[in-house]
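Okay, so here's the structure we're looking at.
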Amino acid sequence: MASSENEVLNDIPNFLPSPFLFFTNLLTLQAQIFSTCLLSLASPFFSIFSFFFRRPAGNDYPKRDGSRLLGRIAAGLMAAAYVCVVLMSALAVAVVLGVGLVRAWAEGPIYTRAGLQFDYSEAHPVAVVRLGPAAPVGHTYHVSLLLLMPESDYNRDLGIFQLSAELVSAQGDIIAKSSHPCMLRFRSWPIRLTRTFLMGLPLILGITTETQTITFPILKHKESSSHPRTEYIRITMIPRAGTESLPQFYDAEVLVRSQPPWAKEFVHRWKLTFCVWTTMYVFVILLVMVLVSFLKPLIFPVMVVTTRDLISSDKRASVNTWQQHSRSKRKAAINVLHAPATSISASHGMDFEEGSGDSSESVCFYK
Numbered sequence: 000m001a002s003s004e005n006e007v008l009n010d011i012p013n014f015l016p017s018p019f020l021f022f023t024n025l026l027t028l029q030a031q032i033f034s035t036c037l038l039s040l041a042s043p044f045f046s047i048f049s050f051f052f053r054r055p056a057g058n059d060y061p062k063r064d065g066s067r068l069l070g071r072i073a074a075g076l077m078a079a080a081y082v083c084v085v086l087m088s089a090l091a092v093a094v095v096l097g098v099g100l101v102r103a104w105a106e107g108p109i110y111t112r113a114g115l116q117f118d119y120s121e122a123h124p125v126a127v128v129r130l131g132p133a134a135p136v137g138h139t140y141h142v143s144l145l146l147l148m149p150e151s152d153y154n155r156d157l158g159i160f161q162l163s164a165e166l167v168s169a170q171g172d173i174i175a176k177s178s179h180p181c182m183l184r185f186r187s188w189p190i191r192l193t194r195t196f197l198m199g200l201p202l203i204l205g206i207t208t209e210t211q212t213i214t215f216p217i218l219k220h221k222e223s224s225s226h227p228r229t230e231y232i233r234i235t236m237i238p239r240a241g242t243e244s245l246p247q248f249y250d251a252e253v254l255v256r257s258q259p260p261w262a263k264e265f266v267h268r269w270k271l272t273f274c275v276w277t278t279m280y281v282f283v284i285l286l287v288m289v290l291v292s293f294l295k296p297l298i299f300p301v302m303v304v305t306t307r308d309l310i311s312s313d314k315r316a317s318v319n320t321w322q323q324h325s326r327s328k329r330k331a332a333i334n335v336l337h338a339p340a341t342s343i344s345a346s347h348g349m350d351f352e353e354g355s356g357d358s359s360e361s362v363c364f365y366k
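Heads up: the sequence shown runs through residues 0 to 366, numbered per numbering that gives the first Met the number 0.
So this is what it looks like as structure tokens:
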């Protein structure tokens with residue numbers, strides 16, 4: 000029973016494409032495009048080399064003088080130089096456009112780190128950091144707070160306290176707000192005593208300190224065009240309810256990291272690769288435009304009719320008309336000769352003449 004089920008499952012076709020095969024075909028296509036562009040750049044030089052090193056066989060040697068051959072070589076070199084200049088100009092324009100397009104589309108994450116200076120003259124100390132229009136539209140803010148606090152008895156007895164973060168626009172409007180509780184990490188008395196005993200010498204020498212660094216995320220916000228742009232970040236320190244005691248700390252910093260959209264972040268991570276392939280695509284497009292615009296007579300040749308050709312064609316048409324008229328007259332004369340004698344009535348001295356160019360002929364009938 001199990002074998003029959005396995006056979007049925009094996010007979011079912013797999014319609015899902017293989018990721019390995021897809022990426023293999025994609026890389027093969029890119030390599031073919033790149034090789035074609037390189038061949039198009041090197042084709043003028045190959046033409047020159049083939050012209051110099053070509054060895055005609057038998058009687059195929061040109062029977063021309065040396066000056067004419069040198070003139071043709073110079074014309075070929077000038078044409079190759081002209082093609083090379085056009086291709087290099089197109090490549091330079093493609094590099095500028097390709098790199099510019101990738102840099103205009105790619106957006107990397109933005110990191111900002113600023114110190115906080117709280118105003119302890121207020122009941123709830125406030126610190127303001129100017130962010131400015133650092134993060135473009137579409138980025139997501141991740142605001143974190145870093146506190147360097149001493150392991151003092153005061154901070155251990157204080158316990159928990161509250162930190163509030165607000166994103167403020169240039170007009171003073173609050174865009175987003177969030178708060179987060181914070182406290183010193185707990186360490187029991189035996190752990191503190193053991194740590195002090197082991198780290199006694201580094202503590203005396205000042206290599207280490209009795210501090211704790213507390214880092215925690217406090218706010219997350221996505222910048223959008225429908226809301227005002229963020230200009231400031233305001234951090235407020237709030238004591239625990241029922242108390243007015245505030246924590247002690249040595250230093251405070253705010254860390255802001257922006258995350259761009261997925262597509263723009265992907266292009267930013269592979270910026271060099273996208274620059275190369277975008278440049279090659281733009282170069283191929285410019286090359287096609289140059290071929291269609293400037294080399295159209297070579298690709299689609301058009302016959303140009305001059306005045307001399309028109310005159311010669313008119314003369315040829317008149318000569319053909321005259322020859323047809325002469326043939327019709329000759330045929331009529333031959334028919335008259337083969338007619339019965341009674342039907343022939345021609346005066347003495349009647350002549351049928353026909354001439355063409357330098358020669359002429361006459362036919363005379365006498366009754």
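Positions of the beta carbon are idealized from the N, C-alpha and C atoms, including for glycine. Because the structure is a prediction, the values reported are computed rather than measured.
If you draw a straight line from the C-alpha of residue i to the C-alpha of residue j, how long is it?
i       : j       : result
Thr-27  : Cys-83  : 27 angstroms
Gln-170 : Ile-203 : 51 angstroms
Lys-221 : Thr-214 : 21 angstroms
Ile-206 : Lys-263 : 44 angstroms
Lys-270 : Gly-107 : 10 angstroms
Asp-118 : Phe-282 : 59 angstroms
Pro-246 : Gln-211 : 13 angstroms
Pro-260 : Ala-74  : 55 angstroms
Met-182 : Ile-232 : 22 angstroms
Leu-25  : His-267 : 20 angstroms
Glu-165 : Ser-143 : 12 angstroms
Gln-161 : Arg-239 : 7 angstroms
Glu-243 : Thr-193 : 33 angstroms
Ile-174 : Phe-273 : 36 angstroms
Met-87  : Ala-316 : 51 angstroms
Val-94  : Trp-104 : 15 angstroms
Arg-256 : Gly-199 : 38 angstroms
Ala-122 : Glu-230 : 25 angstroms
Val-287 : Ala-89  : 11 angstroms
Looking at the secondary structure, which residues open and close the beta strand (DSSP E) in which residue i lies?
i       : result
Tyr-119 : No beta strand (DSSP E) contains Tyr-119, which DSSP labels as neither H nor E.
Tyr-140 : 139–149
His-267 : Here His-267 belongs to no beta strand (DSSP E); instead the alpha helix (DSSP H) covers 261–268.
Ile-213 : 210–221
Val-167 : 160–168
Ser-257 : 250–258
Return the first residue and the last residue of the alpha helix (DSSP H) that residue i is part of.
i       : result
Ala-126 : No alpha helix (DSSP H) holds Ala-126; the beta strand (DSSP E) holding it covers 125–129.
Thr-195 : 188–197
Tyr-231 : No alpha helix (DSSP H) contains Tyr-231, which is instead part of the beta strand (DSSP E) from 229–237.
Arg-155 : 152–157
Leaving out five residues before and five after residue i in sequence, what residues of the same chain have Cβ atoms less than 6 angstroms from its Cβ?
i       : result
Val-125 : Asp-118, Thr-235
Ala-113 : Val-128, Val-253
Gln-116 : Ala-126
In chain order, what residues of the same chain lie with their CB nearer than 8 angstroms to the CB of residue i, ignoring the 5 residues before and after it?
i       : result
Ser-223 : Val-136, Gly-137
Glu-150 : Leu-183, Arg-186, Arg-191, Glu-209, Thr-210, Gln-211
For my contact list, residue i and residue j are in at a C-beta cut-off of 8 angstroms; report their separation, rounded to the angstrom.
i       : j       : result
Arg-228 : Ser-168 : 7 angstroms
Tyr-140 : Lys-219 : 7 angstroms
Ser-163 : Ile-237 : 6 angstroms
Which same chain residues, not among the five before or five after residue i, have their C-beta less than 7 angstroms away from its C-beta?
i      : result
Val-85 : Val-289
TODO: Evaluate contact between the segment 267–279 and the segment 89–108, counting only Cβ atoms and requiring at least three cross-stretch pairs below 8 angstroms.
DONE: yes
TODO: Decide if the segment 244–251 is in contact with the segment 187–203; the criterion is three or more beta carbon pairs, one per stretch, under 8 angstroms apart.
DONE: no
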